[in-house]
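Enquirer: Residue numbers (the numbering used here), protein chains in the order written: chain P, 200 to 315; chain H, 50 to 164. Glycine included, every Cβ here is placed at the ideal spot set by N, Cα and C.
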Amino acid sequence: GENVEQHPSTLSVQEGDSAVIKCTYSDSASNYFPWYKQELGKGPQLIIDIRSNVGEKKDQRIAVTLNKTAKHFSLHITETQPEDSAVYFCAASPSDRGSTLGRLYFGRGTQLTVWP
Amino acid sequence: NAGVTQTPKFRVLKTGQSMTLLCAQDMNHEYMYWYRQDPGMGLRLIHYSVGEGTTAKGEVPDGYNVSRLKKQNFLLGLESAAPSQTSVYFCASSYLLGSSYNEQFFGPGTRLTVL
Chain P
200 GENVEQHPST LSVQEGDSAV IKCTYSDSAS NYFPWYKQEL GKGPQLIIDI RSNVGEKKDQ
260 RIAVTLNKTA KHFSLHITET QPEDSAVYFC AASPSDRGST LGRLYFGRGT QLTVWP
Chain H
50 NAGVTQTPKF RVLKTGQSMT LLCAQDMNHE YMYWYRQDPG MGLRLIHYSV GEGTTAKGEV
110 PDGYNVSRLK KQNFLLGLES AAPSQTSVYF CASSYLLGSS YNEQFFGPGT RLTVL
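1) Contact criterion: CB-CB distance below 7 Å. Does Val292(P) meet it with respect to chain H?
2) Should Ser225(P) go down as buried or exposed, given a rule of 16 or more other Cβ atoms within 10 Å for buried?
3) Can you list, in chain order, the residues of its chain whose CB lies under 8 Å from that of Ser149(H), leaving out five sequence neighbours each side?
4) Please report how far the alpha carbon of Thr264(P) lies from the alpha carbon of Leu245(P), in whole angstroms.
5) Can you determine whether any heavy atom of the ligand SAH sits closer than 6 Å to the C-beta of Leu161(H), and answer yes or no?
6) Helix, strand or coil for Gln121(H)? Go by DSSP, reduced to three states.
7) Buried or exposed for Ser98(H), going by 16 or more other Cβ atoms inside 10 Å?
8) Nearest-angstrom Cα distance between Arg250(P) and Leu70(H)?
9) Report buried or exposed for Thr309(P), applying the criterion of at least 16 other Cβ atoms within 10 angstroms of its Cβ.
10) Check whether the Cβ of Phe232(P) lies closer than 7 Å to any Cβ atom in chain H.
11) Reducing DSSP to helix, strand and coil, say where Gln55(H) ends up.
12) Closer than 9 Å by beta-carbon distance: list the chain H residues that pair up with Arg260(P), in chain order.
13) Could you name the residues of the same chain whose beta carbon sits closer than 6 Å to that of Leu303(P), not counting the 5 residues immediately before and after it, in chain order?
14) Applying a beta-carbon distance threshold of less than 8 Å, which residues of chain H neighbour Gly306(P)?
15) Consult DSSP for Gln74(H) and reduce its assignment to one of helix, strand or coil.
16) With DSSP run on the structure shown, which of helix, strand or coil describes Ala131(H)?
17) Determine, for Gly301(P), whether the minimum Cβ-Cβ distance to residues of chain H falls below 7 Å.
18) Determine the DSSP secondary structure at Asp87(H), reduced to helix, strand or coil.
19) Using only the alpha-carbon positions, how far apart do Val219(P) and Arg260(P) sit?
20) Which residue spans inside the stretch 266-314 of chain P form an unbroken beta strand (DSSP E) run of at least 3?
Written out as structure tokens, the structure reads:
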């Protein structure tokens with residue numbers, strides 16, 4: 200099955216700085232890569248996603264890049280704010296129509312702390 | 050819309066006791082999932098369902114059973130709880146896939162402690 204590695208496990212930045220979280224995946228059949236944000240005491244929530252036919256996607260202060268050849272994708276947060284502090288998860292989803300259809304394979308998460 | 054709801058929010062069990070976690074969604078989603086979240090381990094899939102009356106095993110299914118008798122509900126059962134099942138449990142749901150796009154909507158979680 201798919202294996203998603205995520206780094207770093209913890210990340211501390213000063214407010215206003217940028218934060219980058221990186222993930223790698225193993226299954227070349229994966230073609231959908233979402234990022235989820237989990238605030239304390241809540242369930243994860245989708246913040247941005249990218250599909251394999253796109254190399255980069257931006258939404259205000261967040262952006263995701265994808266390198267299918269190298270099988271890695273990254274989340275970039277610019278001008279960080281204290282409310283960006285949370286756990287961030289990357290995930291990958293295979294496109295085949297077998298037993299893995301519909302499943303997301305998650306990385307282990309990154310605890311981001313933004314200091315004011 | 051309430052989205053995905055989970056009952057209960059907290060529970061403490063003794064080893065060997067049984068319980069059922071209930072997940073409900075009002076978005077008419079075909080796919081539903083149960084995950085457990087442990088520190089440093091991310092989200093691990095326990096069981097999932099691709100439609101009413103169907104279930105399938107995920108990465109860590111041992112010690113759990115599930116049922117999807119109604120499209121909007123997905124139940125997770127622990128027949129004989131063990132301390133290793135102490136975790137936070139999340140339910141999620143998603144649309145039937147016409148492509149690979151698969152946003153999952155998560156519930157607020159159930160914190161389970163097994164003594």
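Expert: Let's see:
1) One-based indexing of the first sequence puts residue 292(P) at position 93. The sequence shown places Ser at residue 292(P), not Val. Closer than 7 Å to some Cβ of chain H, the Cβ of Ser292(P) qualifies, so yes.
2) Numbered from 1 along the first sequence, position 26 holds the residue referred to as residue 225(P). So Ser225(P) ends up on the exposed side.
3) Position 100 of the second sequence, counting from 1, holds the residue named residue 149(H). Residue confidence is low: Ser149(H) scores 49 on pLDDT, short of 50, so the model does not pin down where it sits. No coordinate-derived value is stated.
4) Taking the first sequence and counting its residues from 1, the one referred to as residue 264(P) is at position 65. Taking the first sequence and counting its residues from 1, the one referred to as residue 245(P) is at position 46. Approximately 16 Å between the Cα atoms of the pair.
5) You won't find the ligand SAH in this model; it holds no ligand whatsoever.
6) By 1-based counting over the second sequence, the position of residue 121(H) is 72. In the structure shown, Gln121(H) sits in coil (DSSP, three-state: anything other than H, G, I, E or B).
7) Along the second sequence, read from residue 1 onward, the residue named residue 98(H) stands at position 49. Buried, by the Cβ-count rule.
8) Sequence index remark: in the first sequence, residue 250(P) carries index 51 (1-based). Sequence index remark: in the second sequence, residue 70(H) carries index 21 (1-based). Roughly 33 Å separates the two Cα atoms.
9) Locating residue 309(P) in the first sequence gives position 110, where the first residue counts as 1. Thr309(P) should be labelled buried.
10) As a working note, residue 232(P) is residue 33 in the first sequence. It does not; no Cβ of chain H falls within 7 Å.
11) On the second sequence, position 6 is the one that residue 55(H) refers to. Three-state DSSP puts Gln55(H) in a strand.
12) Here residue 260(P) corresponds to residue number 61 of the first sequence, with the count starting at 1. Here the premise fails: no neighbours, minimum Cβ distance about 20 Å.
13) As a position in the first sequence, residue 303(P) is number 104, starting the count at 1. Answer for Leu303(P): Ala290 and Ser292, listed in chain order.
14) Taking the first residue of the first sequence as position 1, residue 306(P) is located at position 107. The contacting residues are Gly91.
15) Taking the second sequence and counting its residues from 1, the one referred to as residue 74(H) is at position 25. If DSSP states are grouped into helix, strand and coil, Gln74(H) belongs with the strands.
16) For this step, residue 131(H) is matched to residue 82 along the second sequence. If DSSP states are grouped into helix, strand and coil, Ala131(H) belongs with coil.
17) Sequence index remark: in the first sequence, residue 301(P) carries index 102 (1-based). Cβ-Cβ to chain H under 7 Å: yes for Gly301(P).
18) Taking the second sequence and counting its residues from 1, the one referred to as residue 87(H) is at position 38. Strand, per DSSP.
19) Against the first sequence, residue 219(P) aligns to sequence position 20. Against the first sequence, residue 260(P) aligns to sequence position 61. Rounded to whole angstroms, Val219(P) to Arg260(P) spans 12 Å at the Cα level.
20) 271-276, 285-293 and 309-314
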